[in-house]
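Note that the working numbering gives residue 537 to position 444 of the sequence shown, counting from 1, and the numbers run on in steps of one.
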Amino acid sequence: MLWLLALFIALWVFFYFTTRITWVTAVLVLLLGAYTATYGLTQNHINLWVGLFLFFIFLNIPFVRKLLFSRWIFKLMKGALPPLSQTEQEALEAGNTWWDAELFSGNPDWKKLQNLPVARLTDEEQAFIDGPVETLCAMLDDWDITNNRKDLPPEVWNYIKQQKFCGMIIPKHYGGLEFSETAHSEIVMKIASRSTTAAVTVMVPNSLGPAKLLLNYGTEQQKNYYLPRLATGEELPAFALTGPHAGSDAGAMPDTGIICYNAEKVLGICLNWEKRYITLGPVATVLGLAFKLYDPDHLIGDRENIGITLALIPTHTPGVSIGRRHNPLDSAFQNGPNWGKDVFIPIDWIIGGLEQTGKGWKMLMQSLATGRAISLPALSVGAAKFTCRNTGAYARIRKQFNLPLGEFEGIEEPLARMAGETYILNAARKVTNAALDNGEKPAVISAILKYELTERMRRIVNDGMDIQGGSGICLGPRNYLGRLYQVIPVSITVEGANILTRTMMIFGQGAIRCHPYIQKEMAALQQNDLRQFDKVLFRHIGFFVHNMAAGLWLGLTDARFKIVPGKRDTRRYYQQIARLSVGFALLADFALLTLGGTLKRKERLSGCFADALSNLYLCCCVLKHYQDQGCPKEDAPLLHWACRQSIYRAQQSLLAIFRKLPLRLLAWVLRGLVFPIGKPYLPPGDSLTHKTAKLLLADTPARDRLTYGIYINNKADDATGRIEIAFKAVLAAAPVEAKIRQAQKQKQLAKGDPFRVLAEALSKGIITQTEAGLLTAAEQAGFAAISVDDFSPEEVTS
Ligand SMILES: Cc1cc2nc3c(=O)[nH]c(=O)nc-3n(C[C@H](O)[C@H](O)[C@H](O)COP(=O)(O)OP(=O)(O)OC[C@H]3O[C@@H](n4cnc5c(N)ncnc54)[C@H](O)[C@@H]3O)c2cc1C
């Protein structure tokens, strides 16, 4: 028994430290030698020695290993792996990997995250946010825009163009603003906290669209012509990819371009297309069009089927039909279909010229690799901060059963969720922007941000709607949340619809991109390189057995001895992430090993992997953000809520994966390794929920930090200005209210009509005239804040 234990410990140590195979063999020889010396040489010992000899030969002599093992695995995998289509291959090659690869490694290098410089705005960027962005926000009246005009007012359009809001990503030498990704995100976030219509209008020219594609791939001539015009809004761009038959599967578009000569013998393309849902389409002056290019007469080369290509088409080109509008959930940003019938364009309208023909999909994927992490995440954080600030204040202003709504335990739960989730969203936004500004182009993280931030924003706004009750439901100029709630599905659907992003893209791409060995193995398979495959495969096996040993050790000790950064309040979270990251890496390998190419179709399983990876990433962002902000003590409830929630959800996702894995017995063994003593992590408890919710009910620096960067005003005739005024008035009057309540308890004052109680309290000297003034102001401001709009029957039907 002792010998078995010694063998188990020896193997565990080897696996944990991924010891060289020669050392393993040497120690096994010593162990077996000592065993034989103790008990003498029996037939069993001889068998063991023979086994060990074979083991030695097998593992240490590459030729034997390849012949007996790797060759067979090579054949098996070649047969099992479905060939990647070109579009899949190009999606996989887009961008790079960053912290996602660290999480996949099972042993994140924390220095990489800690040393990431904090995202900062330049003075010029800050001045733009304090100046033109503030002015633009003040010009926006969302109700007027969405209900009356169904468009931005002309003066807003002019201001957007004049201040170069459409040219944030365009370099200065082309006349743009040349802002960082951080500034871009801050600007979209602030505008989104005022009007989603305006935010989407500004977002589109700066995200995936003609300007970005020109910057990355355009010819000098195209850049020199278009970029200065796009920067000043002289040209309004739209990007047209989606059509009736090609939504999520955009690569399946039936839109065609045939290389031909026109009547004047100019070499060009004859285009036919039908697109829909195109943002800014109805007002665009230039379309970035995606189509499939064919060259049946071999006018530019040997290939007939050239592939997806992108071109810039002025919308006045003969044959282009444009101008009709969709109505995207009553939001007023310009969106509509467009068509082209036998539209002839010269060949040099292709973005990047002839050199870029057939490379459209790659160009799109490369641009999405970063773009997805900026616009919609910024919009989502703007919406989340806005809901926290205003609905949090509303929960303090609005009273039922003689208490502010926010003081009921039932309301505390959604309030805490809103605050904690907003903290997570903002942390992810800031840290990811810092990475982008640092030159990273993390495609998988970009997809995580798009999916997680829009989904979580949806939950935050839903919670806000529940707390607002009727005041969120009855639309009108006073309602600041209803329109936001209405338009949420737009962000869920665009730039990769969320279900698809979660179940296909995050882990689907991540498993191959971020895994330390899979991509190298696939490359060796594709190149038929058995030698390279054998080398990588054995490192991969070492990685797997290391994770088994590490999983058990970290599971038994709950990673308490793992060396990680952080202080007293954060160290345990770092350790828990390290532990779950090993579990994640182990399960990912097991799933890849057992399911191979069919994993692509197991979307439920892939979705759980995506959830686990996303929650681990978000938790890392929270820790980094807390550190970047100087670890403010008052934010501790937000930090703890965010970390506990993320770690709990990552754990639950891993448990869900265990339930979905094939080979049940082995899956149970793995579960025993990763969670040897049950489920260790719980979601935020009642006391933490209470402390987190309270942050939204008081005028504190923590609340200001949480909602920093959105548009705030104190105008009495403004939907949110009214809330700011009432919130401050109600808080100022709170001590006076407490005095009155105390007097009522002591039977010095009767209960009943508030104005009669106030008069009596004043006459009896319980409160002073100034205090009475505070109370009256709070009553009036509070009533204005909880009031809702009504309309004449004619107004409703007009
Ligand atoms: C308001 C708005 C603005 C837009 N702006 C633009 C624009 O400017 N330019 C442009 O080119 N396009 C634009 N789009 C198009 C947008 O990108 C597409 O709507 C999106 O790609 C989804 O396509 P679809 O609506 O046809 O949905 P479908 O592709 O029909 O998908 C429907 C649902 O099925 C899910 N689904 C699809 N395939 C899978 C799968 N394999 N596994 C799991 N789930 C799957 C999706 O996630 C989605 O939930 C816009 C759309 C809207 C609504």
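Note that CB positions come from ideal geometry on N, CA and C, so glycine has one too.
In the same chain as residue 274, and ignoring 5 residues on each side of it, the C-beta atoms closer than 7 Å to its own belong to 467, 526, 529 and 530, in chain order. Going by DSSP, residue 567 is part of no alpha helix (DSSP H) at all; its letter is neither H nor E. The C-beta of residue 96 has fewer than 16 other C-beta atoms within 10 Å across all chains shown, which makes the residue exposed. For residue 102, the enclosing alpha helix (DSSP H) starts and ends at 95 to 109.
Residue environment: residue 640 is assigned as buried (16 or more neighbouring CB atoms within 10 Å of its CB, all protein chains considered). If you draw a straight line from the Cα of residue 134 to the Cα of residue 141, it comes to about 11 Å. Between the alpha carbons of residue 638 and residue 722 lies a distance of about 39 Å. The three-state reading of DSSP puts residue 573 in coil, since its state is none of H, G, I, E or B. Checking the DSSP bridge columns, you'll see residue 372 partnered with 428. Between residue 285 and residue 276 a beta carbon distance of about 15 Å is seen, past the 8 Å cut, so the two are scored as non-contacting.
With respect to residue 547, residue 696 sits apart: the two C-beta atoms are not nearer than 7 Å. With a cutoff of 7 Å on beta-carbon distance, residue 336 and residue 368 are scored as near each other.
Not one heavy atom of ligand 1 lies closer than 6 Å to the C-beta of residue 184. Not one heavy atom of ligand 1 sits closer than 6 Å to the Cβ of residue 301.
Around the beta carbon of residue 482, a 10 Å sphere encloses 16 or more other beta carbons of the protein chains shown; the residue is thus reported as buried. When DSSP reads this structure, residue 365 sits in a beta bridge with 349. Cα atoms of residue 415 and residue 408: separation of roughly 7 Å, rounded to the nearest angstrom.
In the DSSP assignment, residue 401 forms a beta bridge with 385. The stretch 804 to 888 contains, as complete alpha helix (DSSP H) runs of 4+ residues, the segments 812 to 838, 847 to 856 and 862 to 879 (chain order). If you compare the alpha carbons of 876, 359, 518 and 506 with that of residue 557, the shortest gap goes to 506. Residue 776 carries a coil assignment under DSSP once its states are collapsed to helix, strand and coil. Under the three-state reduction of DSSP, residue 504 is assigned to helix. Bounds of any alpha helix (DSSP H) do not take in residue 609, whose DSSP letter is neither H nor E. Residue 624 and residue 701 have their C-alpha atoms roughly 35 Å apart. Beta-bridge pairing by DSSP links residue 459 to no other residue. Residue environment analysis places residue 402 among the buried positions, since at least 16 neighbouring C-beta atoms fall within 10 angstroms of its C-beta. Residues 822, 823 and 826 of the same chain have their beta carbon placed closer than 6 Å to that of residue 871, with the five preceding and five following residues left out of the count. A contact is defined here as three or more CB-CB pairs under 8 Å, and the stretch 472 to 480 fails this definition with respect to the stretch 780 to 787. Linking residue 652 to residue 348 through their CA atoms gives a straight-line distance of about 55 Å. Residue 672 counts as buried, since at least 16 other C-beta atoms from the protein chains shown sit within 10 angstroms of its C-beta. Counting only the Cα atoms, residue 513 lies some 9 Å from residue 733. Between the stretch 668 to 687 and the stretch 761 to 770 there are three or more inter-stretch CB-CB distances shorter than 8 Å, so the stretches are counted as touching.
Put simply, the stretch 703 to 711 does not touch the stretch 654 to 667. Fewer than three CB pairs are less than 8 Å apart. For residue 153, the secondary structure class from DSSP, reduced to helix, strand or coil, is helix. At least one heavy atom of ligand 1 lies less than 6 Å from the C-beta of residue 332. For the stretch 731 to 786, the full-length alpha helix (DSSP H) segments reaching 4 residues or more read 757 to 767 along the chain.
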